[in-house]
Structure formats: C-alpha cells, structure tokens
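J.: Protein chains in written order, with numbering that gives the first Met the number 0: chain A, 0 to 265; chain B, 0 to 475.
For glycine and all other residues, C-beta sits at the position ideal for the given N, C-alpha and C.
Values in this document were obtained by computation on a predicted structure and should not be read as measured data.
Pasting a structure below so you can have a look.
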Amino acid sequence: MIGKDAPMLLEVRGLAAKINERAILKGIDLAVRAGEVHAIMGPNGSGKSTLARAISGHPAYEVSGGEVLFQGRKLLDMPPEERARAGIFLGFQYPVEVPGVTNSAFLRLIYNTVQGARGKDELDPLEFDDFVREKMRLLEMSPDFLDRSVNAGFSGGEKKRNEILQMALLEPRLAILDETDSGLDIDALRVVANGINKLHTADNGIVLVTHYQRLLNYIVPDYVHVMDGGRIIKTGDKTLALELESRGYDWVAREYRAANPSAQAA
Amino acid sequence: MSAVIQNLVNQPYKHGFRSEIEADLVPKGLNEDIVRIISQKKGEPEWLLEFRLKALRHWQTMTEPAWPNVKYPRIDFQDIVYYSAPKPKKQSMDEVDPELLRTFEKLGVPMNERAALAGVAVDVIFDSVSVATTYKKKLAEVGIVFCSFSEAVREHPELVKQYLGSVVPHTDNYYAALNSAVFTDGSFCYIPRGVRCPMELSTYFRINTQESGQFERTLIVAEEGSHVSYLEGCTAPKFDTNQLHAAVVELVALDNAEIKYSTVQNWYAGDESGKGGIYNFVTKRGLCKGVNSKISWTQVETGSAITWKYPSCILLGDNSIGEFYSVALTNHHQQADTGTKMVHIGRNTRSRIISKGISAGVSNNSYRGLVKIGARADGARNFSQCDSMLIGDRCGANTFPYIQAANNTAIVEHEASTSKIGEDQLFYFASRGIGTEEAVSMIINGFVRDVFIHLPMEFAVEATKLLGIKLEGSVG
C-alpha cells in the first residue's frame with residue numbers, strides 16, 4: 000500500500016458536470032496519489048465514463064461546479080490537448096477509427112508532440128520504429144499493427160491493446176482507463192492487464208473505470224469507489240470489488256440512501 | 000467546436016489578383032457573326048468554321064440542364080464576352096509583357112526555369128491564347144506533338160479534323176455544344192506509335208479578363224502502344240462577378256496505349272458569403288478505342304463556385320481499363336456535382352472509381368456516377384468506392400450512383416461511406432496531445448490518401464499544400 004506522504008497527483012473537489020443541460024456528475028470528490036491504483040465501479044449510467052471524460056476535457060461536458068487540480072495545476076482551465084501534454088491519459092472505451100492514417104505515423108506524431116511539450120527529444124522515423132516495436136512486444140502486438148490505419152478494422156481486443164500501447168508511449172503521470180476490459184477475451188485481458196501492470200510505477204497513478212471484478216484480479220486496486228447517480232456513494236479497498244461481484248450494486252445504493260435521505264435517487 | 004473548425008477552413012484565396020493586360024475583345028453576346036469573328040481572328044480553315052456553326056445551331060435548340068444538384072441564378076449567355084486574347088503575340092519569352100511574367104511569378108510558375116528544373120514542358124494558356132510553348136523541340140525529337148490547339152489546327156489539320164468531336168460530339172450536352180461553337184484555344188497532344196513520353200506534360204490555365212468566358216478545348220491522342228501523363232492545373236484571379244468556364248477535353252487511346260490525366264483545380268470559389276466565383280461546367284471524356292488501352296483520370300477539385308464535371312471513360316476496346324480517382328473539396332457556399340461515367344462496351348473491360356468528397360461550411364458536395372455495362376461486355380468488372388466526409392454540421396454530401404448492367408457476366412461492386420470530423424474524433428487526438436488544426440490535417444490527409452497516391456509526385460505535393468491552405472490554417 001502507498002504511504003500517505005506520496006505526492007498528490009489528482010484532486011477532484013465537488014466536481015459537477017452536465018451534458019445538454021442534464022446533470023450527470025453531482026459532486027465528485029476523489030484524490031489520487033502517485034503509485035496508487037483506483038477502481039471506479041458502478042452500474043450503467045452512474046457517471047463513470049463522464050467522470051473520466053470530464054477530467055480529460057471532453058468538450059461535450061460542461062463543468063458546472065467544483066475544481067480539479069493535477070499536480071497542483073488547475074486542470075479545468077486547460078484545453079484537452081494541454082492536459083494530455085501535462086501527463087493525463089485517457090484510454091477510450093470505444094477508440095476512434097482514423098482511416099488512411101497509418102498507426103506508425105499517428106503514434107510517432109503523438110509521441111513527438113508530447114515529448115516536445117515536455118522539453119524532451121523527439122525521435123526520427125527510424126529511431127521511433129525501434130522504440131515502438133519494443134513497446135509493442137510488451138503487449139504481444141504483431142508488427143503489422145504499424146502499417147494498418149489507426150484502429151480501422153481492428154477487433155475489440157486489438158483496439159484496446161492499441162490504447163495501452165499509446166499509454167506506454169506517452170508515459171502519463173495519471174492514466175484513466177475507461178472500460179479497458181470490455182470486449183476482451185480472457186487471453187487478451189491477461190495481456191492487456193500485464194501491460195498495464197508493467198507500466199505502473201511508484202510515480203504514476205491509475206484510475207480504472209470498470210463494470211467487472213475480473214480486471215481487478217490482475218490489477219489490484221488500492222481503492223475501490225462505487226458510483227451511482229453521479230456520486231461516489233462508497234469507497235473501500237479491493238475486498239469491496241469482490242463483495243460487489245457476489246452481491247451486486249443495489250445494496251450499496253440502499254445503504255447510501257438510508258444514510259443520506261436528502262440525496263436524489265439515481 | 001464548429002467555430003474552431005470554421006476558422007480553420009476559412010482561409011482566403013491566395014491567388015487573388017488581376018493583371019492589367021490590354022485585352023483584345025470582341026463584343027458581348029453569341030450569334031453566327033460572333034462565331035465567324037472568332038474563327039476569322041484565328042485564321043481558321045473553312046471546315047473548322049463549319050464545325051463551330053453546326054455546334055452553334057445545335058446549341059441554340061438546347062436548354063440548360065436542370066438535373067445537377069446545384070443552384071445558381073440563370074446565366075445570360077448574351078451578356079458574356081466569348082473571345083479575348085493578350086496582344087500582340089510574341090515569338091520569344093523576352094518579348095512577353097513583363098506584367099504577364101510577373102503574373103506567372105506570383106503564381107510560382109517561372110516558365111523559363113521551372114519547366115527545365117521540374118522536367119515539365121509547360122504549355123501556358125493565358126486567357127484563351129497560348130503565349131509560349133516550351134520544350135517543344137525536345138518532344139519533337141521523339142515525334143510528340145504538344146502545342147496550342149490553334150497551332151495544331153495550322154500544323155496538323157488532318158489529326159485535328161480526324162479526332163475533334165470524335166469523343167465528345169458537338170451534340171453531346173449544352174456546354175459541350177457551347178464550347179464547340181466558341182472555343183478559343185487549348186492544348187493538343189499527339190503521342191506517336193510506341194512512344195513513351197519522356198516527361199509529364201503540363202498546362203497551367205488562367206482566367207484573366209473580367210466577364211470573359213473561358214472555353215478551352217483539349218485533345219490528346221495516344222497512338223498504339225504509346226504512353227503519356229498529362230497534368231492540368233488551374234488558379235484564377237479574384238473577381239466578384241461569376242465567370243463561366245466550359246471546357247471540353249477529349250482523350251483517345253488506341254491499342255495498348257495509356258493516358259493518365261491529372262488535374263488540380265483551384266478556380267476562384269467566391270468569397271465567404273458566396274459572392275463571385277467560377278462556374279465550372281466541364282465535359283471530359285476519354286475513349287479507350289483500342290484493345291488493352293487504359294485511361295486514368297485523377298482530379299483534385301478544390302475551387303469554383305459551382306463544379307459540374309464527370310470525367311468519363313468509354314471502354315470500347317476489349318480488355319481496356321478506365322480509372323477515376325477524385326478528391327472534391329467544397330467550403331463556404333461552394334457547390335459540386337461531380338463524378339464519372341464508366342461505359343463498358345468491349346469484353347473484359349475493367350473500371351475502378353475512388354471518390355472522396357469533403358464538405359465544409361454551408362457547401363454542398365454530390366457524387367454522381369454511372370456504371371453502364373453493355374450487352375457485349377462479357378466479363379466486365381467495376382469497383383466503386385464513394386466516401387464522404389463532413390466538417391461541421393451545416394454542409395451536405397450526396398451520392399447518386401447509377402448502375403445499368405445489360406450483361407449478366409458482369410461484376411459491379413459499389414461501396415460508400417459517410418464520416419464526420421466531429422467532437423469525438425478531435426477529442427481522441429486531443430487526449431493524445433494533438434491540437435485541432437493538426438488533427439484535422441491528419442484526418443483529411445488520411446481520408447484522401449487512396450486518391451493522392453495516384454497523383455504524380457510534384458502534383459501530390461501541390462495538392463497536399465492546397466488542402467492544407469483550405470483546411471488547416473497556419474499549420475504546415
């Protein structure tokens with residue numbers, strides 16, 4: 000377990016967000032320190048993905064209250080590309096396809112852009128080719144990924160591996176992985192989870208958004224948060240995930256409503 | 000988000016200027032007298048005057064086509080000047096009006112050097128009449144004729160007479176009839192039997208005199224076993240009044256011959272509110288007359304207020320091949336109705352259509368294509384792919400594919416897709432640190448890649464820059 004003196008990476012305070020005038024997040028508090036793994040679980044529509052996108056700066060979500068600090072910087076004042084350069088990574092549940100753009104060109108562009116923004120050296124195409132192939136071995140990816148168009152015609156598992164490959168290239172301080180386990184068969188899940196574990200260090204934090212306990216068998220969380228109705232209604236350790244697996248979510252929501260009679264139902 | 004994208008695509012026209020050159024004008028309007036004046040000024044033989052008059056008389060019985068998916072005010076064809084030329088004609092570049100040379104400089108076409116450096120012979124059209132033709136001697140060594148249309152009429156009348164109107168007859172359509180009556184100049188190219196043209200042949204077109212229509216005529220004949228790659232590029236000065244452009248291009252490929260015709264079109268498109276811009280009503284058609292012949296059209300259409308253009312292939316010879324690769328970009332109030340016709344007549348004829356439409360602003364972009372398989376065309380094959388990309392939510396994209404098959408051994412495939420550069424796509428790039436401009440540029444370049452790989456190298460560079468100017472703002 001991580002000590003309480005590890006540096007703070009992300010502080011979310013009272014975050015409220017809406018889309019098309021509909022409130023989705025209704026006051027989220029979350030603190031992630033370096034070295035920690037947090038799992039955010041909860042039923043469909045509870046606001047998990049919205050939280051991930053709001054932190055990353057998706058323009059469709061209007062932040063209507065609260066604040067988010069990343070390594071002390073006010074994140075909400077920064078456009079999404081600056082957040083990425085500052086060290087936040089969002090692994091997409093549904094990665095976007097970009098026909099005609101080769102994966103190698105795309106990966107090199109994002110790598111060099113982020114490296115450049117951090118004052119580090121960029122790599123030329125040959126250097127990058129060696130570099131990316133090494134990262135691909137980590138995820139047991141075939142080299143022909145580099146010549147294919149970004150995510151176009153990829154299977155669900157290939158898309159998710161490609162997401163984690165990008166995480167490996169960008170070396171974020173905070174990785175928010177939105178349903179990275181969905182659509183993966185058991186072998187792909189193991190490969191992807193092993194990749195994430197290898198990328199996890201004492202300097203970075205990982206937030207896993209997931210429906211299911213099975214990912215957490217591979218990546219052991221320090222904290223498990225249950226979201227419902229746009230709020231975090233319970234926080235526990237890894238045993239909470241096992242309890243959710245056997246008992247479902249309803250009991251957590253009932254407990255929360257009993258303790259907070261004023262809270263709106265989901 | 001749409002405001003950001005709007006800023007990116009609202010780049011003003013770079014080639015907007017007008018050179019002050021005295022023009023030799025005939026009065027406005029169109030009748031037999033005007034046609035006779037044009038023919039007389041050009042010192043044409045009787046048979047060509049007859050060709051023009053026949054076309055005029057037929058045109059007078061026709062009405063403008065109403066089927067294209069474009070809207071514009073009625074054109075008053077009697078309010079157009081049908082002939083203008085810079086005067087007087089010069090024999091060498093030294094004698095050419097310095098103002099004209101400066102115009103070429105502004106356009107980045109330093110004739111005397113660029114042609115040699117780029118290995119390109121440039122037959123320059125300046126307001127309808129050829130001013131200079133370079134590298135003619137070098138081409139002549141291998142027997143290639145590459146000259147202005149007027150010169151071809153004087154020097155090679157038998158070839159012109161044989162092929163003029165043989166692919167696009169004067170009765171073909173309203174604008175082809177108009178062009179046949181009043182065309183002032185253009186390019187002629189003849190590749191003799193078995194000759195592989197040693198360089199890309201290139202023509203730069205300019206519209207210059209305000210309110211003068213531009214009616215070029217291009218004829219390319221590739222004899223048996225010959226090969227030629229022809230480049231056509233356009234820029235035009237910025238004017239407020241609409242200008243009519245109705246060119247006709249005819250290609251003839253005999254046995255085992257191949258013609259590759261590439262276009263980058265950047266006529267003035269009008270301003271951001273849709274004022275001004277060129278009406279580009281063009282008839283381009285290639286005839287694969289011989290066995291195993293091949294005609295390939297590649298076009299990058301980015302300009303004009305209205306584009307109405309269907310470069311087509313008539314696949315008459317057995318085993319002949321037709322190809323059409325197109326990128327059409329419309330922005331602001333531009334309208335494009337463009338595509339191709341592949342007419343399979345011979346056996347085992349093959350055609351391939353790759354069309355990429357990009358719509359931005361409040362523009363409207365339509366693909367219209369016909370694949371026709373004749374009864375005799377055993378084993379004919381066609382593959383068509385028509386993709387549309389929308390930028391913002393106020394533009395339109397349409398696809399009108401027509402397939403007529405009269406032979407049940409034919410295989411015709413059609414694929415189509417529509418995508419949108421939207422919030423989610425841009426957010427994906429942003430979440431990897433890539434800003435909007437660079438993301439749009441990369442997405443667009445990926446989208447057009449299947450077409451751009453068919454452009455000659457120097458054209459591909461120019462075309463990529465052109466899309467950049469139109470869509471990407473200050474980046475790169």
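Note down, in chain order, all residues in the segment 438–461 of chain B with a beta-carbon under 8 angstroms from any beta-carbon belonging to chain A.
T.: Correct list: Met441, Ile442, Asn444, Gly445, Phe446, Val447, Arg448 and Asp449.
J.: For the segment 71–83 of chain A, which residues have a CB atom closer than 9 angstroms to at least one CB atom of chain B, in sequence order?
T.: So the close ones are Pro78, Pro79, Glu80, Glu81, Arg82 and Ala83.
J.: Can you tell me whether Ala22 (chain A) is helix, strand or coil according to DSSP?
T.: Strand at Ala22 (chain A).
J.: Is it buried or exposed, Gly267 (chain A), if we count other Cβ atoms within 10 angstroms and call 16 or more buried?
T.: Absent from the model: residue 267 (chain A). The displayed extent of chain A is 0 to 265, so no value can be given.
J.: Kindly indicate which residue of A:Gly204, A:Leu14 and A:Glu244 has the alpha-carbon position closest to the one of Tyr60 (chain A).
T.: Here the closest residue by C-alpha is A:Leu14.
J.: Please state if the CB of Leu24 (chain A) and the CB of Ala16 (chain A) are separated by a distance shorter than 8 angstroms.
T.: In contact: Ala16 (chain A) and Leu24 (chain A) (Cβ atoms closer than 8 angstroms).
J.: Who are the near neighbours of Val247 (chain B) in its chain, counting only those whose CB is closer than 6 angstroms to its CB and skipping five residues on each side?
T.: Answer for Val247 (chain B): Val167, Ala175, Asn178, Arg216 and Thr282, listed in chain order.
J.: Do Gln384 (chain B) and Ile420 (chain B) count as a contact pair if the criterion is CB distance below 8 angstroms?
T.: For Ile420 (chain B) and Gln384 (chain B), no; Cβs fall outside 8 angstroms.
J.: Go ahead and pull the three-state DSSP assignment for Asp122 (chain B).
T.: Low confidence applies here, because Asp122 (chain B) scores a pLDDT of 47, under 50, leaving its location unreliable and the question unanswered by this model.
J.: For Gly276 (chain B), would you say it is in contact with chain A, using Cβ-to-Cβ distances shorter than 8 angstroms as the test?
T.: No, because no Cβ of chain A sits closer than 8 angstroms to the Cβ of Gly276 (chain B).
J.: Is the Cβ-Cβ distance between Glu271 (chain B) and His331 (chain B) less than 8 angstroms?
T.: Yes, these two residues count as a Cβ contact at 8 angstroms.
J.: Pull up the distance between the alpha-carbon of Gly28 (chain B) and that of Gly373 (chain B), whole angstroms please.
T.: Roughly 41 angstroms separates the two Cα atoms.
J.: Going by C-alpha to C-alpha distance, which of A:Arg172, A:Ile195, A:Ala85 and A:Met140 sits closest to Asp180 (chain A)?
T.: For the residues A:Arg172, A:Ile195, A:Ala85 and A:Met140, the minimum Cα distance to Asp180 (chain A) belongs to A:Ile195.
J.: Looking at C-beta atoms only, is the number of pairs between the segment 141–150 of chain A and the segment 84–104 of chain A that lie closer than 8 angstroms three or more?
T.: Because the criterion of three Cβ pairs below 8 angstroms is met, the segment 141–150 of chain A and the segment 84–104 of chain A touch.
J.: Helix, strand or coil: which one does DSSP assign to Ile143 (chain B)?
T.: Looking at Ile143 (chain B) - three-state DSSP - the assignment turns out to be coil, as it is neither helix nor strand.
J.: Starting from the N-terminal side, write out each stretch of the beta strand (DSSP E) that is 3 residues or longer and does not extend beyond the segment 59–96 of chain A.
T.: DSSP runs (the beta strand (DSSP E)) wholly in the segment 59–96 of chain A: 61–69 and 87–90.
J.: Looking only at DSSP bridge pairs, what is Ile294 (chain B) linked to?
T.: According to DSSP, which records beta bridges pairwise, Ile294 (chain B) is partnered with B:Ile258 and B:Gly321.
J.: Taking the alpha carbon of Ile109 (chain A) as the point to measure from, which residue in A:Ala201, A:Arg21, A:Gln165 and A:Arg160 has its own alpha carbon closest?
T.: Nearest of A:Ala201, A:Arg21, A:Gln165 and A:Arg160 to Ile109 (chain A), Cα basis: A:Gln165.
J.: Since Leu286 (chain B) and Val263 (chain B) are thought to touch, with beta carbons under 8 angstroms apart, how far apart are those beta carbons, to the nearest angstrom?
T.: The Cβ separation is near 24 angstroms, so there is no contact.
J.: Confirm, please, whether the CB-CB distance from Tyr222 (chain A) to Asp236 (chain A) is below 8 angstroms.
T.: A contact, by the Cβ cut-off of 8 angstroms.
J.: Check each candidate in B:Tyr278, B:Asn265 and B:Phe382 and name the one with the smallest Cα separation from Glu461 (chain B).
T.: If we check each option's Cα against that of Glu461 (chain B), B:Asn265 comes out closest.
J.: So does the segment 28–47 of chain A actually touch the segment 224–234 of chain A, counting three or more Cβ pairs closer than 8 angstroms?
T.: In short, these stretches touch, since the Cβ pair count reaches three.
J.: Which value, in whole angstroms, describes the spacing of the CA atoms of Ser228 (chain B) and Thr60 (chain B)?
T.: Between Ser228 (chain B) and Thr60 (chain B), the C-alpha separation is close to 37 angstroms.
J.: With distances taken Cα to Cα, identify the nearest neighbour of Thr337 (chain B) among B:Phe399, B:Gly42 and B:Tyr427.
T.: Closest by alpha carbon: B:Phe399.
J.: Take the Cβ of Ser154 (chain A) as the centre, count every other Cβ of all protein chains shown within 10 Å, and call the residue buried at 16 or more, exposed below.
T.: So Ser154 (chain A) counts as exposed.
J.: Taking C-alpha atoms, which residue in A:Ser141, A:Val31, A:Arg246 and A:Gly115 lies nearest to Val67 (chain A)?
T.: Closest by alpha carbon: A:Val31.
J.: Considering only residues of the same chain and omitting the five flanking positions on each side of Ala245 (chain B), which have a CB-CB separation below 6 angstroms?
T.: So the list reads Tyr174, Leu177, Asn178, Phe214 and Phe280, once near-sequence residues are dropped.
J.: Would you mind working out which of B:Gly356, B:Asn347, B:Ala404 and B:Ala359 sits nearest Ala379 (chain B), comparing C-alpha positions?
T.: Among B:Gly356, B:Asn347, B:Ala404 and B:Ala359, the Cα nearest to that of Ala379 (chain B) belongs to B:Asn347.
J.: Of all the CB atoms in chain A, is at least one closer than 8 angstroms to the CB of Thr463 (chain B)?
T.: Chain A, which has no Cβ nearer than 8 angstroms to the Cβ of Thr463 (chain B), makes this no.
J.: Just by C-beta distance, which residues in the segment 348–362 of chain B are closer than 8 angstroms to chain A?
T.: Flagged: no residues at all.
J.: Identify which residue in B:Ile258, B:Pro44 and B:Leu200 has its Cα closest to the Cα of Gly224 (chain B).
T.: When each option's Cα is compared against that of Gly224 (chain B), the closest is B:Ile258.
J.: From what residue to what residue does the beta strand (DSSP E) around Thr60 (chain B) run?
T.: Neither: Thr60 (chain B) is in no beta strand (DSSP E) and is coded neither H nor E.
J.: Let me know if Leu253 (chain B) comes out buried or exposed under the rule of 16 or more other beta-carbons within 10 Å of its beta-carbon.
T.: Classification of Leu253 (chain B): buried, given that the 10 Å Cβ count is 16 or more.
J.: Go through its chain and collect everything with a Cβ distance to Gln424 (chain B)'s Cβ below 8 angstroms, but skip five positions before and after it.
T.: Closer than 8 angstroms at the Cβ level, and outside the excluded window around Gln424 (chain B), lie Ala438 and Ile442.
J.: Starting from the Cα of Leu176 (chain A), find the closest Cα among A:Leu188, A:Ile163 and A:Arg136 and give me that residue.
T.: Nearest of A:Leu188, A:Ile163 and A:Arg136 to Leu176 (chain A), Cα basis: A:Ile163.
J.: Please list, in chain order, the chain A residues whose beta carbon lies closer than 7 angstroms to that of Asn430 (chain B).
T.: The question names Asn, yet the displayed sequence has Ser at residue 430 (chain B). Within chain A, the residues near Ser430 (chain B) are Ser55, Pro79, Ala83 and Leu89.
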